[in-house]
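Working notes for the structure below.
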Amino acid sequence: INKIGVLTSGGDAPGMNAAIRAVVRSCAFHGVECAGIFRGYQGLIEGDIEELNARSVKNVISRGGTFLKSARSKEFMTKEGRQKAYDHIKKSGLDALVVIGGDGTFTGGLIFNSEFNFPIIGIPATIDNDIKGTDYTIGYDTALNTVVEAIDKIRDTASSHNRLFLVEVMGRDAGDIALNSGIGAGAEEILIPEENTGVDRLIDSLKKSKKSGKTSSIIVVAEGDKSGKNIFELAEFIEENLDDYEIRVSVLGHIQRGGSPSCYDRVLASKLGVGAVDALLNGESNIMVGIHHQQVVSVPLKTAIQGGAKFDKNLRRVADITSI
Ligand code: F6P
Numbered sequence: 005i006n007k008i009g010v011l012t013s014g015g016d017a018p019g020m021n022a023a024i025r026a027v028v029r030s031c032a033f034h035g036v037e038c039a040g041i042f043r044g045y046q047g048l049i050e051g052d053i054e055e056l057n058a059r060s061v062k063n064v065i066s067r068g069g070t071f072l073k074s075a076r077s078k079e080f081m082t083k084e085g086r087q088k089a090y091d092h093i094k095k096s097g098l099d100a101l102v103v104i105g106g107d108g109t110f111t112g113g114l115i116f117n118s119e120f121n122f123p124i125i126g127i128p129a130t131i132d133n134d135i136k137g138t139d140y141t142i143g144y145d146t147a148l149n150t151v152v153e154a155i156d157k158i159r160d161t162a163s164s165h166n167r168l169f170l171v172e173v174m175g176r177d178a179g180d181i182a183l184n185s186g187i188g189a190g191a192e193e194i195l196i197p198e199e200n201t202g203v204d205r206l207i208d209s210l211k212k213s214k215k216s217g218k219t220s221s222i223i224v225v226a227e228g229d230k231s232g233k234n235i236f237e238l239a240e241f242i243e244e245n246l247d248d249y250e251i252r253v254s255v256l257g258h259i260q261r262g263g264s265p266s267c268y269d270r271v272l273a274s275k276l277g278v279g280a281v282d283a284l285l286n287g288e289s290n291i292m293v294g295i296h297h298q299q300v301v302s303v304p305l306k307t308a309i310q311g312g313a314k315f316d317k318n319l320r321r322v323a324d325i326t327s328i
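Going by UniProt numbering, the sequence shown opens with residue 5, and the numbers climb by one from there.
The following block contains the structure:
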């Protein structure tokens, strides 16, 4: 392998820059050329490709987002789009690709590999932590800290006004952010996509906590929760069934995806970036480099895209006990 291309695709995540930096510098270390592809697979289709050297990635380790930009390319989902991408790969002399992103990114990589037998290595980066085979994805730790900081602030005002706050956090299909930030920020209730605990239980629990002397409450709701109601409908439902509280809704939204990456995410991204280049130089392909018990591991891309399944039932118990 003489030249490696690197791209970021799908929703961005803090630490993507640190991962690109590690790939680029690892290439420099091994005397392999490196090229950055802008806007994910779309940039590959359009030939938006630039040579990168060790100095091209100076001062990026602390920056959120991705300087290579990201996109969800519809065209790459077509055979014609992927053919154009392959043509640009040949033109640029790339021998392998490191794709940084989540399940959509890996699915694209897998299809591309099956059509052109082109070496692909994935690096998991998404705030959702919903990739199988890795204990953590890049960006998740930073997002958790952002959410906890935001909920701490909401708690100040909730408590001053004796209010109940519903706080929506990201996680279309995975409750990792909600469950962990909820415990970390001391939420009274946490609603996640992995289980439907029912709105009646919610009302019961809020009644109980009021009786036990609580004067304000925080409910963390993952955007993909299974109550069957969106957060505003949920607020109305609670208002109708509980007179004790004034209710407010706060949707945290995309602030969860931004910001300077935590030290944990920077180190994780650095380990996985180095691991990705090592894997390619060892002849591996069609795998994701993940982290398991602090060690870099190789996981088939096919496995990685099978969903998170990280939901830890014990965490629910911990949440219930500590919010009594
Ligand atoms: O990054 C993952 C994620 O945060 C999901 O939890 C969320 O539903 C989605 O991205 C929203 O992303 P976008 O606004 O870019 O479509």
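Think of the CB as a built atom: it goes at the ideal place given N, C-alpha and C, for glycine as much as any other residue.
With respect to the C-alpha of Leu256, the residue from Ile65, Lys83, Ile223 and Thr326 having the closest C-alpha is Ile223. The residues Glu37, Gly97, Leu98 and Asp99, in chain order, have a CB closer than 6 Å to that of Lys7 in the same chain once the five nearest residues on each side in sequence are set aside. Beta-bridge pairing by DSSP links Gly40 to Val10 and Glu54. If you look at Glu84, you'll find it in the alpha helix (DSSP H) that goes Lys83 to Ser96.
Per DSSP, the beta-bridge partners of Gly294 are Val301.
About 13 Å separates the beta carbons of Ile104 and Ile131, which is beyond the 8 Å limit, so they are not a contact pair.
By the Cβ rule, the stretch 110-120 counts as touching the stretch 79-94, because three or more pairs are nearer than 8 Å. In the assembly as shown, Lys212 is an exposed residue. Its beta-carbon has fewer than 16 other beta-carbons within 10 Å.
Under the three-state reduction of DSSP, Ser254 is assigned to strand. Between the C-alpha atoms of Leu319 and Glu198 there is a straight-line separation of about 13 Å.
Assigned with DSSP and collapsed to three states, Arg59 falls in helix. Here the stretch 232-247 does not lie against the stretch 138-154, with fewer than 3 beta-carbon pairs under 8 Å apart.
Counting the other Cβ atoms within 10 Å of the Cβ of Phe122 gives 16 or more, which makes it buried. Judged by DSSP in its simplified three-state form, Ile5 adopts coil rather than helix or strand. For Gly263, the closest of Gly19, Gly14, Ile24 and Arg205 by C-alpha to C-alpha distance is Gly19. Here DSSP, grouped into helix, strand and coil, assigns Ala283 to helix. DSSP places Gly126 inside the beta strand (DSSP E), whose first and last residues are Ile124 to Pro128. If you draw a straight line from the Cα of Gly68 to the Cα of Asp134, it is about 20 Å long. Here Glu250 is exposed. Its C-beta has fewer than 16 other C-beta atoms within 10 Å. DSSP, reduced to helix, strand and coil, places Leu148 within a helical segment of the structure shown.
DSSP, read as helix, strand or coil, puts Glu244 in helix. Two segments are said to touch when three or more pairs of C-beta atoms, one from each, lie closer than 8 Å; by this definition the stretch 267-285 does not touch the stretch 165-173.
DSSP, reduced to helix, strand and coil, places Val64 outside both helices and strands of the structure shown, so it counts as coil. Comparing alpha carbon positions, the residue from Ala239, Lys218, Gly188 and Ile187 closest to Val203 is Ala239.
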